[in-house]
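In terms of my numbering, the sequence shown opens at residue 348 and continues consecutively.
From the three backbone atoms N, C-alpha and C, an ideal C-beta is built for every residue, glycine too.
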Amino acid sequence: MSAAPKWKKLLRVDIALLILACLLPLVDQRWRLDMVDPMRGVMVFAILALGLNIVTGFTGLLHLGMAAFMAIGAYAFAISSCDIYPFQLNFWWAILFTAIVGAFAGVLLGAPTLGLRGDYLAIVTLGFGEITQDVLKNLDVITKGTQGINPLPSPHVPWWTA
Numbered sequence: 348m349s350a351a352p353k354w355k356k357l358l359r360v361d362i363a364l365l366i367l368a369c370l371l372p373l374v375d376q377r378w379r380l381d382m383v384d385p386m387r388g389v390m391v392f393a394i395l396a397l398g399l400n401i402v403t404g405f406t407g408l409l410h411l412g413m414a415a416f417m418a419i420g421a422y423a424f425a426i427s428s429c430d431i432y433p434f435q436l437n438f439w440w441a442i443l444f445t446a447i448v449g450a451f452a453g454v455l456l457g458a459p460t461l462g463l464r465g466d467y468l469a470i471v472t473l474g475f476g477e478i479t480q481d482v483l484k485n486l487d488v489i490t491k492g493t494q495g496i497n498p499l500p501s502p503h504v505p506w507w508t509a
């Protein structure tokens, strides 16, 4: 009998890690470990690392503006769902709106940089990241500058408390 292929072993590990991640809030609530809030930040940066792995690792392109897209998405969600603005979307519609805004920002940067490779792509995307940071920091009326937008709404799922 032959051993299971490598992808099947990795799939088992992934499923086990997913189950542990789903059980973390229950364990955290039961024993008051206060791990959910720090893990939320860890998961956000894990998503950023996965995006960097796809762009830099698989394609070999040096893209230095990934954090700018993350910031654009975060501010799009906050502006569309926070109650300090005159319009509000519920959590799930705000997620959809955020995806549309992020895709639009990607097209805006992607169209002029489509033919760039190597150092030129790195310079343009680094500039995009720096410009995005400065714009978001200096739009005090909309983004609240360095203070950020608080409080953000939590998702409403019947069997889960955020």
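CB contact flag (residue i, residue j, <8 Å)
i	j	result
Ile496	Cys429	yes
Gly449	Phe416	yes
Gly492	Lys484	yes
Ala335	Leu411	The structure shown does not extend to residue 335, since the chain is modelled only from 348 through 509, so no value can be given for it.
Ile489	Ile394	no
Ala441	Phe424	yes
Endpoints, the alpha helix (DSSP H) within which residue i is located
i	result
Ser501	Careful: Ser501 lies outside any alpha helix (DSSP H) and carries neither H nor E.
Cys545	What is shown of the chain runs 348 to 509, which leaves residue 545 out entirely.
Leu364	Lys353 to Trp378
Asn485	Gly465 to Asn485
Thr445	Phe438 to Gly457
Spatial neighbours of residue i in its chain, beta-carbon cut-off 6 Å, leaving aside the 5 residues before and after
i	result
Asp372	Before going further, note that residue 372 is Pro rather than Asp in the sequence given. The answer, listed in chain order, is Val383.
Contact set for residue i: own chain, Cβ-Cβ below 8 Å, skip 5 residues either direction
i	result
Trp439	Pro502
Cβ shell of residue i (< 7 Å), same chain only, five flanking positions each side left out
i	result
Leu473	Leu411 and Gly412
*Contained alpha helix (DSSP H) runs [length at least 4] in the region 380-432, N- to C-terminal order*: Listed in chain order, the complete alpha helix (DSSP H) runs (minimum 4 residues) inside the region 380-432 are 383-399 and 413-428.
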